[in-house]
Amino acid sequence: MNEQVNFRIGTGYDIHRLEVGRPLILGGIEIPFEKGLVGHSDADAVSHAVCDALLGAAALGDIGQHFPDTDPNYRGVSSLKFLERVLTLLKESNYQINNIDITIHAERPKLQNFKNAIKEKLAETLKISLTQINIKGKTNEGLDSVGRGEAIAVSAIALIYQTK
Ligand code: MG
């Protein structure tokens, strides 16, 4: 095997405010909770952070540039659509996803029981296997906006590759 593999890495981060009366969507999964994330789309911070990690790895800019929150077409839209579009952009540049590691920073709700569902939804959307995605949940130990339960933040890192 003498094919050359070009690996590239990217990071993504997102934070959205929590408010009563909004659904809580993380990685395309609706999670039962008394508050949800506020944003122009469905405010799915997991999908947004993953989009940015993948775009970053491919040097294709950021989510705000591809899906501006001033565009009425994106109001209330499922952020899985953004992931599908990012996947298409990667394919156009002949990139494949190696793996994605995600950390969800949330004081509440407990995400342990939803991690598998999120993983399955992301794997299905990005057409990769479950072993290529990892989800970690962390509290913020009561500190800052996340710790006070005012927001949920997500960080993600992605490794992609191109074979020549
Ligand atoms: Mg966002």
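Under the numbering used here, the sequence shown has 138 at position 138, and the numbering climbs by one with no breaks. All C-beta atoms, glycine included, are put in the ideal place defined by N, C-alpha and C.
Inter-residue spacing [alpha-carbon to alpha-carbon] between residue i and residue j
i	j	result
residue 125	residue 152	22 Å
residue 13	residue 50	8 Å
residue 9	residue 109	30 Å
residue 20	residue 3	53 Å
residue 15	residue 89	24 Å
residue 106	residue 5	36 Å
residue 71	residue 77	11 Å
residue 141	residue 147	6 Å
residue 36	residue 119	20 Å
residue 64	residue 98	24 Å
Sequence-distant residues of the same chain with beta carbon closer than 7 Å to residue i, five excluded per side
i	result
residue 115	135 and 137
residue 145	151
residue 38	16, 17, 19 and 22
Burial state of residue i (16 or more Cβ within 10 Å)
i	result
residue 164	exposed
residue 80	buried
residue 62	exposed
residue 33	buried
Residue j beta carbon less than 8 Å from that of residue i
i	j	result
residue 104	residue 26	yes
residue 95	residue 31	no
residue 24	residue 47	no
residue 44	residue 28	yes
residue 93	residue 58	yes
Neighbourhood of residue i by C-beta distance below 6 Å, restricted to the same chain and skipping five residues each side
i	result
residue 157	11, 53 and 101
residue 87	126
residue 154	14, 45, 46, 49 and 104
residue 162	6, 94 and 95
Proximal residues to residue i (C-beta, below 8 Å), its chain only, five neighbours per side dropped
i	result
residue 123	129, 130, 132 and 133
residue 68	74
residue 170	This structure leaves residue 170 out entirely; the chain is present only between 1 and 164.
- Task: Scan the stretch 23-96 and note each continuous alpha helix (DSSP H) run of 4 residues or more that stays entirely inside, going in chain order.
- Result: Segments of the alpha helix (DSSP H) lying fully in the stretch 23-96: 45-57, 63-66 and 80-92.
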